[in-house]
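Going by the working numbering, the first residue of the sequence shown is number -13, and it counts up by one from there.
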Amino acid sequence: MKSINQNQTAGSSQSVIVMRCLGYLRPHWKLVTGVYITMVLIDLIAMVSPQVIRWTIDQGIGADNTPLLTLAVVGLLALVLLKGTLTYFEGMWTEVASQNVAYDLRNDLQRKITELSFSFHDKAEAGDLLSRAIQDVERIRFLTGRAIFRVIESIFLMIITAGMMIWMNPQLGLLAMICMPLLILRSISFGRVFRPLSLKIQKQLSVLTTRVEQNLRGVRVVKTFAQEDAEIKRFNLENQKWYDLSALSAKMQANNIPLLNLIADISSVAILMYGGTLVINHALTLGELVAFTTYVAQIVTPVRYLGMVLPAITMAAASAERVFEILDTVPMLTEKPDAPALKLEQGEVRFEKVSFAYGRQTGVLKDISFAAEPRQVIALLGPTGSGKTSVVNLIPRFYDPTAGRITIDGTDIRLVSLNSLRSQIGMVLQETTLFAASIRENIMFGKPEATQSELESAARDAQAHEFIMQMPEGYETEVGERGRTLSGGQKQRLAIARALLTNPRILILDDATSSVDSETEHLIQLALERVMHGRTTFVIAHRLSTVHSADLILVLDKGRIVARGKHAELLESSPLYVSIYHQQLKPGTSRLLTVKS
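Structure follows, in C-alpha cells:
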C-alpha cells in the first residue's frame, strides 16, 4: 500500500500530530499527574543540592567546621536517596502510561483495519500494515512516554535553573544564557530537516517488511520456480535503500550532536574563566562558583538532551502520521447509526439494474437485473473476468453498487445493519482461508457457541468428518498457517463446514468444489443437495456438474447477463453456454451432448 488517504494527513504539522498522540494519555491522567509531580520534586531537589554544596564548602570546609560538614553530607545523602526513590516511581509511571497508549493505539488500529471495507484491503499490503501496527506504534509509545516527558522536564529545569543562576549572580547567569538560543535554534532547525528523512525511512521499512512477508508467504512458489537468487537480489535492493537512508540519518545525527556539545562546552569554559576571576578578586566565593558550575551542567544537559531527543520525536511524529493515515481513512462502505436488523423470512434476493466498478476501473457489472426466489438455486457461469464473483460479493455488501439496488425480502440491504445481513449469509470464498488454529476453531469461527453435535453435523454435511477423525488429534488437530498441513480438498471441505455451521438462510458457494478431486466433488455434491434445501443458494463453478439442477442459470460476459434459463434451455439458446459446457465438462460425468448447428 503506497499511500492511504494521503490528503487527510499530509498537511498536518508536527505539533498537531504530537498533540494528537498526547491525547491518548487522557484516560491515564492519574499516572501522568503522578509523573509530573515527581518531576517537579526531583527538579526542586536539583535546585537545592548545589546550594547545600555551596553552604558545605563555604561554611563547613572553608570554616573548618567538621560538625556542619557532617550534617551537610548527611543532608546531601538524604536528598540523593529521596531523588532516587522519586526517579524510580517517575520512570515506572512513565513507562506504564506509554505502554497503555501503545495498547490503546493497537486496539484502535486493529478495530479500524477490521472495520474497513474490502476496497481498502484490495489495495493494502500486509507488510505495510504490520509495520504501522508494530514499529510505528512503538515509536509513538516512546513519544508519549520518555520523549515528551524529558522535553517538558528539560524546559522546566532550564527555566528554574536559569532563574537560580541569575538570582545568585546576574552577570554569570546572563553569560550562561548566551549559548541557550543557539542550542535551541540548532535543535529546531535540525528537526525540520530530519523529519522528511524519518518519514522516508519508515516508508522504506514498510516496503522491506512487505517484501519479507511476501517471501515467507510465497516460499513454496519461490522454490518451485527456482527463484531464490532473484528474490534475494530483490530483497537486497530494498534493504540497501533502507540502509542508505538509515546511514544518512546516522550521519546527520553524528554531525548534530558534536555541534551541540561544542556550543555547550564553549559556554562552560567561558563561565569557568569569568567565575574563576571573580573568586580570585573575592567577588565570588569558591562555594558559589562550584554551585554555579553545577547549575551550568544542569542547564546544559537538558539542552544537549533536547538535541538528541528531538530527532527521535521527529521520527515518532513521522510514524504517528502513518498510523493516523489508517485511523483517519473513511470507509467506502458504511451503515446508518440506527440501521435496523434485517428480518429475513423468505430469502428472496433481487438485483435491480445494478452496476458496479472497483475504484477507477471501468464498469465490472453493467445493468444486472434478476430475481432469486426463496429456496432457489441460482448458478452463475461465464468466462474469467465476466463478473460472477462481483455479483456474489455485492449480496453481503462487501462492496456497494455504483448504480441500482439489491434487496432481500424487499428491503434494500444498504438500510440494514451489516452484522444482521452477513450473519444470515454463508459463504465459501474462492480462496480458502484457514487460520493457524485447530480444526475445531476453524469450523466454529462463525459460531463459537456451537455444540459438538452441531460441529460434527456440519462436518458430515461437508464430507469432512471422516478425514478429520483420521487426523492425529481429530478436531483438535492444528492445521498450521493458512491450513498448509491440509490438502486443497480438505481445506475446501472445512470452509464449507464453517459456512454450514451458521445455518445461513442464503448460501453462496464461490467455486466451492474447484480444489477437490472427482470422487470428493461427488460426495460434496450429494451433501450440498441436502444442504441447499430450504435455502436460497448462489453457486459459482467452472465444473458444470454443480449447476445441472439449478433453478436458474445466469450466463455473464463482460459484466452483463447475456443469457438466463435452465440447463436444457441454455443448451438450445446460448452459444456461450454451450462453449463453456463443452470446455469444462469433466470426462465420464455426463453423456456427450449433440448440439444443433
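Using N, Cα and C, we set each Cβ at its ideal position, and we do this for glycine too.
Measuring CA to CA, which of the options is closest to residue i?
i                 : options                        : result
methionine 259    : Gln157, Ile354, Ile243, Arg336 : Gln157
asparagine 428    : Phe142, Arg408, Ile3, Val465   : Val465
isoleucine 354    : Ala549, Asn225, Gly61          : Ala549
leucine 587       : Thr271, Ser473, Ile392         : Nothing can be reported for residue 587: it is not among the residues displayed for the chain, which extend from -13 to 583.
phenylalanine 337 : Ile170, Leu328, Lys352         : Lys352
threonine 315     : Gly333, Gln239, Lys109, Asp215 : Lys109
serine 535        : Gly520, Ala554, Arg546         : Ala554
valine 309        : Ile134, Ser232, Pro36, Arg118  : Arg118
phenylalanine 128 : Leu102, Asn51, Gly77           : Gly77
alanine 358       : Arg172, Leu540, Met154         : Leu540
isoleucine 425    : Leu480, Glu467, Ala256         : Leu480
lysine 322        : Val533, Asp398, Glu214, Asp251 : Asp398
serine 409        : Pro458, Ile492, Lys374         : Ile492
alanine 365       : Ile312, Leu234, Val525         : Val525
leucine 246       : Arg197, Ile164, Tyr291         : Tyr291
phenylalanine 221 : Ala240, Ser235, Val193         : Val193
methionine 151    : Thr280, Ile482, Thr73, Asn241  : Thr280
phenylalanine 350 : Ile547, Leu168, Ile454         : Note that residue 350 is valine in the sequence shown, not phenylalanine. Selected option, being the one with the closest Cα: Ile547.
isoleucine 120    : Ile141, Thr130, Leu95          : Leu95
alanine 58        : Pro182, Arg40, Ile482          : Arg40
alanine 64        : Thr52, Ala32, Asp386           : Ala32
glycine 131       : Thr523, Val21, Pro182, Ser232  : Val21
phenylalanine 453 : Gln478, Val137, Asn201, His519 : Gln478
phenylalanine 356 : Ala325, Arg383, Gly390         : Gly390
leucine 330       : Ile126, Asp324, Pro360         : Pro360
valine 137        : Ile252, Thr300, His268         : Thr300
glycine 520       : Gln37, Gln332, Leu542, Val533  : Gln332
aspartate 537     : Ile392, Gly551, Thr463         : Gly551
Which residues does DSSP pair with residue i in a beta bridge?
i                 : result
isoleucine 392    : Phe337
leucine 493       : Gly412, Thr523
alanine 327       : According to DSSP, alanine 327 bridges with nothing at all.
phenylalanine 342 : Leu351
isoleucine 547    : Leu542
threonine 397     : Ile394
alanine 357       : Arg336
alanine 365       : Val525, Ile539
glutamate 464     : Ser424
Less than 8 Å between the CB atoms is what I'm expecting for residue i and residue j, so what's the real figure, rounded?
i                 : j                 : result
isoleucine 494    : valine 363        : About 11 Å; that fails the 8 Å criterion.
alanine 302       : alanine 422       : Going by Cβ atoms, the distance from alanine 302 to alanine 422 rounds to 32 Å, so no, they are not a contact pair.
leucine 328       : isoleucine 394    : 7 Å
methionine 154    : phenylalanine 278 : 6 Å
glutamate 101     : leucine 185       : Incorrect: roughly 26 Å between the Cβ atoms, too far for contact.
valine 286        : serine 254        : 7 Å
leucine 169       : isoleucine 249    : 6 Å
phenylalanine 180 : proline 297       : 5 Å
isoleucine 187    : serine 232        : 6 Å
leucine 319       : aspartate 386     : 6 Å
alanine 612       : isoleucine 252    : A question about residue 612 goes unanswered here, because the residues of the chain that appear run from -13 up to 583.
threonine 522     : valine 335        : 6 Å
arginine 125      : serine 305        : 4 Å
glutamate 217     : asparagine 241    : The pair is not a contact, with the Cβ atoms about 37 Å apart (cut-off 8 Å).
isoleucine 634    : isoleucine 312    : Since the first residue shown for the chain is -13 and the last is 583, residue 634 is missing from the structure and cannot be characterised.
For chain C, check one thing: does any of its Cβ atoms lie closer than 8 Å to the Cβ of residue i?
i           : result
leucine 562 : Although the question refers to chain C, the structure presented lacks it and comprises just one protein chain.
Is it true that the segment 4 to 16 meets the segment 81 to 92, where meeting means three or more beta-carbon pairs spaced less than 8 Å apart?
yes
Just to confirm the assignment: which complete beta strand (DSSP E) runs, minimum length 3, are found wholly within the segment 409 to 438?
411 to 414
Do three or more CB pairs link the segment 409 to 418 to the segment 555 to 568 at distances below 8 Å?
no
For the segment 188 to 262, list the beta strand (DSSP E) runs that are entirely contained and at least 3 residues long, ordered along the chain.
none
Does the contact criterion of 3 or more C-beta pairs under 8 Å hold for the segment 222 to 241 versus the segment 141 to 157?
no
Measuring CB atoms only, is the segment 67 to 75 touching the segment 28 to 47, in the sense that at least three cross pairs come out at less than 8 Å?
yes
I'd like to know if the segment 444 to 455 and the segment 367 to 386 are in contact, where contact means that at least 3 CB-CB pairs between them fall below 8 Å.
no
Check whether the segment 434 to 444 touches the segment 397 to 406, taking contact to mean three or more Cβ pairs, one atom from each stretch, closer than 8 Å.
no
Closer than 8 Å is the cut-off here; do at least three beta carbon pairs connect the segment 475 to 489 with the segment 423 to 437?
yes
Going residue by residue through the segment 25 to 91, where are the continuous alpha helix (DSSP H) segments of at least 4 residues, counting only ones entirely within it?
none
Are the segment 38 to 52 and the segment 269 to 276 in contact at 8 Å, needing three or more beta carbon pairs?
yes
What residue ranges within the segment 271 to 315 form continuous alpha helix (DSSP H) runs of no fewer than 4 residues, ordered along the chain?
272 to 313
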